[in-house]
Amino acid sequence: MEVTIHFDIVSNDGATINIEAVAILSGKYIPADFNHDVEDDREIAIDQMTFTDNDGDEFEPSSKLIEIVDEHIDDKDRDIYKDAEKGIDEIYIDDFKSDHDYETLMQ
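Position 9 of the sequence shown, counting from 1, maps to 11 under our numbering, and the rest follow consecutively.
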């Protein structure tokens, strides 16, 4: 299933970077029962990312920004799957509040 995931990265000096990530969700989750352990082979494969700055201009991300996006999506995987199971293909997750300032994130 293909979904688009939206969230913002907010720097510690108040700058906002808008993220739009197109991802493919695969696998399934089978809860534990009396005879079987939990089976969870779900995976979120990010196909494309778009980064937009405060002015609405797209830009090429730093490796630090790509790493933040990957980690944040991994951290929110259950929320993403929960929405996807409801048939939602435009998914909005919580913003990521960074400890870094805008300039550091852009390097």
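Here a beta-carbon is modelled for each residue, glycine too, at the ideal position from N, C-alpha and C.
1) Give every residue of the same chain whose Cβ lies closer than 7 Å to the Cβ of PHE53, excluding the five residues on either side of it in the sequence, and list them in chain order.
2) Let's test the definition: count the other Cβ atoms within 10 Å of the Cβ of TYR94 and tell me whether it reaches 16, buried, or not, exposed.
3) What does DSSP give as the partner residues of GLN50 in its beta bridges?
4) Which full runs of the beta strand (DSSP E) of 3+ residues lie inside the region 29-108, going along the chain?
5) For the beta strand (DSSP E) that contains ASP10, what are its first and last residues?
According to the structure shown:
1) ILE19, ILE21, GLU60, PHE61, PRO63, LEU67
2) exposed
3) VAL24
4) 45-54, 92-94
5) 4-12
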